[in-house]
Amino acid sequence: MAPLLELTDVAARYGPVQALYGVTLTVGEGEIVAVLGANGAGKTTMLRAISGTVDRDGAVTFRGKALPSIPDAVAHLGIAHVPEGRGTFAELSVWENLRLGAYTRRGALKDDFARVQQYFPWIERRRSQQAGTLSGGEQQMLALARAFMQRPRLLLLDEPSLGLAPILVSEVFRIVRELNEQEGVSVLVVEQNAHIALQVAENAYVLEVGRVALSGPAADLQRHESVRKSYLGY
Amino acid sequence: MVELARRLPTRTRALRVGPVFLFLAASCVFLLIGSLESTVFAQQTVSGVALGAVYGSLALALVLIYRATEVINFAQGEMAMATTYVAYQLMLWGLSYWEAFFITLAVAFAFGGVVQLVFIRPVQHKSVIAVVIVTVGLFILIDGLVAWKWGADLKFMPAPFGNHVYKVGGVAVSRQDLGTIAITLVSVALLWALFRFTKLGLGMRAAALRPASAALVGVRVERMLAIGWGLAAVLGAVAGLMTEPAVFVLQPTLMQPILLYGFAAAVLGGLDSPVGAVVGGVAIGVFLNLVGQYVHFVTSEVRLPVAFAVLLFVLLIKPTGLFGRRRLRKV
Numbered sequence: 000m001a002p003l004l005e006l007t008d009v010a011a012r013y014g015p016v017q018a019l020y021g022v023t024l025t026v027g028e029g030e031i032v033a034v035l036g037a038n039g040a041g042k043t044t045m046l047r048a049i050s051g052t053v054d055r056d057g058a059v060t061f062r063g064k065a066l067p068s069i070p071d072a073v074a075h076l077g078i079a080h081v082p083e084g085r086g087t088f089a090e091l092s093v094w095e096n097l098r099l100g101a102y103t104r105r106g107a108l109k110d111d112f113a114r115v116q117q118y119f120p121w122i123e124r125r126r127s128q129q130a131g132t133l134s135g136g137e138q139q140m141l142a143l144a145r146a147f148m149q150r151p152r153l154l155l156l157d158e159p160s161l162g163l164a165p166i167l168v169s170e171v172f173r174i175v176r177e178l179n180e181q182e183g184v185s186v187l188v189v190e191q192n193a194h195i196a197l198q199v200a201e202n203a204y205v206l207e208v209g210r211v212a213l214s215g216p217a218a219d220l221q222r223h224e225s226v227r228k229s230y231l232g233y
Numbered sequence: 000m001v002e003l004a005r006r007l008p009t010r011t012r013a014l015r016v017g018p019v020f021l022f023l024a025a026s027c028v029f030l031l032i033g034s035l036e037s038t039v040f041a042q043q044t045v046s047g048v049a050l051g052a053v054y055g056s057l058a059l060a061l062v063l064i065y066r067a068t069e070v071i072n073f074a075q076g077e078m079a080m081a082t083t084y085v086a087y088q089l090m091l092w093g094l095s096y097w098e099a100f101f102i103t104l105a106v107a108f109a110f111g112g113v114v115q116l117v118f119i120r121p122v123q124h125k126s127v128i129a130v131v132i133v134t135v136g137l138f139i140l141i142d143g144l145v146a147w148k149w150g151a152d153l154k155f156m157p158a159p160f161g162n163h164v165y166k167v168g169g170v171a172v173s174r175q176d177l178g179t180i181a182i183t184l185v186s187v188a189l190l191w192a193l194f195r196f197t198k199l200g201l202g203m204r205a206a207a208l209r210p211a212s213a214a215l216v217g218v219r220v221e222r223m224l225a226i227g228w229g230l231a232a233v234l235g236a237v238a239g240l241m242t243e244p245a246v247f248v249l250q251p252t253l254m255q256p257i258l259l260y261g262f263a264a265a266v267l268g269g270l271d272s273p274v275g276a277v278v279g280g281v282a283i284g285v286f287l288n289l290v291g292q293y294v295h296f297v298t299s300e301v302r303l304p305v306a307f308a309v310l311l312f313v314l315l316i317k318p319t320g321l322f323g324r325r326r327l328r329k330v
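Chains as they are written, first to last, in numbering that gives the first Met the number 0: chain B, 0 to 233; chain H, 0 to 330.
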């Protein structure tokens, strides 16, 4: 069976600056894939190339079909991208943010709100609060909840641990894993926190200056010497 | 305790509107007492509200576009004027006023959308100044096209509400004024409900606030912008159709003074606040009417400079306008 998402030799640039040189990567159905790398390695650009928020070369297929490079079309096909900065609509209420998450869908959302509250019990109390006034951790949770409302096949997460206290980082990844196991959402997560990313993921890639330097099962990468030295710090 | 601390940001936000709210409440009390004391004052107040409602709807059109495109649409008034000519033409063809009214609103919606699609979209991502120049160009283009098609001479349209005058406790209130106030209120309320309660409205707000994030959740941002321009043109058309009976004649310069007052109203309200635009419009309408009545050196020739002097004064005290907010964001 063809993988859910397949990148073949994908390159991307910002004006004259090349950020990604021919990245090849696959995400299987129901899989969590982590992409590690330092700042400027091209992790964010890779996600943006998938969702069409940056122009790209090379082939991206999703469920066996070429993926258009238009963000709203990508969302309609079932990919939820939680971008750098979390994509929160800070001026809108928590509830409106969730409603926007379900923008691509038709029909009743009552069940979905109920399910969101199972994962994030605090949301009901804050539904009319302005999203910009939530704490960083809450905003990250809201971003996940918003993505959940979309009922995506694939979730693209850009550094979900950024700026969060360690306890919140594990909370975020616990929920990511739950979404994966219980809702069958495949996940492509870009992370600097290699520790936690390699624990949660099945497969992982290491990006270095816009190229795939290493790839393989997460457990193997965890033992790999250069990964240990550069990203795990022991 | 933690709960309380987390709620604080929303509380302080509400507090910031405090003085403005008090000021407006005091103004309302002043107008009410004045109206009870003097019939002339009451008459001037009511017709000021009607006048201000028109300024307010044009201001609201400007605010809608400002929020979505971050420019002032200098062609807003001329677009409104052109759609008023459409209504005039429809009535020449034998339609009744209200048939023409609603068809004109539909035409205006399509017109606004097409303007965004054809003229604004190609330059939108270039620079703000490019868009502004395009809107100024549209101003001249529409002005020229209308004069070419219909001529620059005065035209006359039937009055939508007739010339009936009601006497309420000695105060003469024209049906025209009441009708203008009612139509404006209804259109503003419908627009508010659209933005507040519908999925389309939420998508439009999201597209205006954060286009990149909106696209990622599947909002078709460009389409939302075109719809926004369409709705703004509808509001403009309402303003145009309500201005014509107030000034009795239709000519290509119909909306030029209204655009200036509308601009003043939008800035007074805070430029990105829909509520502010309407309140600003009504405030300017009432203020100018009362000042015109009671301050003798303020003749109709100096109304506009006086309006802008007051505007300047308000902005010196509160640079963000009455309801404008500096955008604060927690990082």
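Virtual Cβ for every residue (Gly too), placed ideally from N, Cα, C.
No experiment lies behind these values; they were computed from the predicted model shown.
Distance CB(residue i)-CB(residue j) smaller than 8 Å
i      : j      : result
H:L201 : B:E95  : yes
B:V81  : B:L143 : yes
B:T52  : B:V211 : no
H:L353 : H:V285 : The structure shown does not extend to residue 353 of chain H, since chain H is modelled only from 0 through 330, so no value can be given for it.
H:M351 : H:I141 : There is simply no residue 351 of chain H to check, as chain H begins at 0 and stops at 330 in what is shown.
H:G111 : H:V277 : no
B:A203 : B:L220 : yes
B:Q149 : B:T103 : yes
H:A214 : B:P70  : yes
H:A236 : H:T44  : no
B:T60  : B:L19  : no
B:A193 : B:L35  : yes
H:D176 : H:A60  : no
H:G76  : H:L189 : no
H:A25  : H:G268 : no
H:G51  : H:G320 : no
H:M223 : H:M203 : yes
H:W234 : H:S272 : In the sequence as presented, Trp is not what sits at residue 234 of chain H; that position holds Leu. No, these two residues do not count as a Cβ contact at 8 Å.
B:A146 : B:Q138 : no
Simplified DSSP assignment, three categories, for residue i
i      : result
B:Q17  : strand
H:F40  : helix
B:H223 : coil
B:V211 : strand
B:L91  : coil
B:D71  : helix
H:V294 : coil
B:E5   : strand
B:H194 : helix
B:A203 : strand
B:I174 : helix
B:P216 : strand
H:S272 : coil
B:S185 : strand
H:F262 : helix
H:K317 : coil
H:L303 : helix
B:T60  : strand
Assumed close pair residue i, residue j - CB separation to whole angstroms, cut-off 8 Å
i      : j      : result
H:W191 : H:V114 : Incorrect: roughly 23 Å between the Cβ atoms, too far for contact.
H:V133 : H:F118 : 5 Å
H:T242 : H:V53  : 6 Å
H:R68  : H:V131 : The displayed chain sequence assigns Thr, not Arg, to residue 68 of chain H. Incorrect: roughly 10 Å between the Cβ atoms, too far for contact.
B:V259 : B:F172 : Residue 259 of chain B lies beyond the stretch modelled for chain B, which goes from 0 to 233, so this question has no answer here.
B:A79  : B:L4   : With a Cβ gap of about 13 Å, B:A79 and B:L4 do not count as contacting.
H:F160 : H:A74  : About 28 Å; that fails the 8 Å criterion.
H:V274 : H:F322 : 6 Å
H:L240 : H:F100 : 6 Å
H:L249 : H:Y87  : 6 Å
B:A47  : B:A10  : Here residue 47 of chain B is Arg; the residue named in the question, Ala, does not match the sequence. That belief does not hold up - the Cβ atoms of B:R47 and B:A10 are roughly 13 Å apart, past 8 Å.
B:P2   : B:G21  : At roughly 18 Å, the Cβ-Cβ gap does not stay under 8 Å, so B:P2 and B:G21 are not in contact.
Near the ligand GTP: residue i beta-carbon under 7 Å from a heavy atom
i     : result
H:S46 : Looking at this structure, you won't find the ligand GTP or any other ligand, since it has none at all.
Subject >> Segments assigned beta strand (DSSP E), at least 3 residues, entirely inside the segment 99 to 167 of chain B >> reply: 153 to 157
Subject >> Contact list for the segment 64 to 82 of chain B against chain H, Cβ threshold 7 Å >> reply: P70, D71, A74, H75, H80, P82
**OP:** Taking a Cβ distance cut-off of 8 Å, strictly less, list which residues of the segment 99 to 128 of chain B are near chain H, in chain order.
**Re:** L99, G100, Y102, T103, Q128
**OP:** Give, in chain order, every residue of the segment 97 to 131 of chain H whose Cβ lies closer than 7 Å to some Cβ of chain B.
**Re:** none
Original post:
When Cβ atoms are compared, which residues of the segment 211 to 231 of chain H fall closer than 8 Å to chain B?
Top reply: A211, S212, A213, A214, L215, V216, G217, V218, R219, V220
Subject >> Complete runs of the alpha helix (DSSP H) confined to the segment 151 to 200 of chain H [at least 4 residues] >> reply: 174 to 196
**OP:** Could you please tell me which residues of the segment 42 to 61 of chain B, in chain order, have their CB closer than 9 Å to any CB of chain H?
**Re:** S50, G51, T52
**OP:** Name, going along the chain, the residues of the segment 294 to 322 of chain H whose beta-carbon falls closer than 9 Å to a beta-carbon of chain B.
**Re:** none
**OP:** Scan the segment 186 to 210 of chain H for residues whose Cβ lies nearer than 9 Å to a Cβ of chain B and list them as they occur along the chain.
**Re:** K198, L201, G202, R204, A205, L208, R209
Original post:
Which of the residues in the segment 83 to 97 of chain B, read from start to end, lie with their CB under 8 Å from any CB of chain H?
Top reply: G86, T87, F88, A89, E90, L91, E95
Subject >> Contacting positions in the segment 149 to 163 of chain B - beta carbon closer than 8 Å to chain H >> reply: Q149
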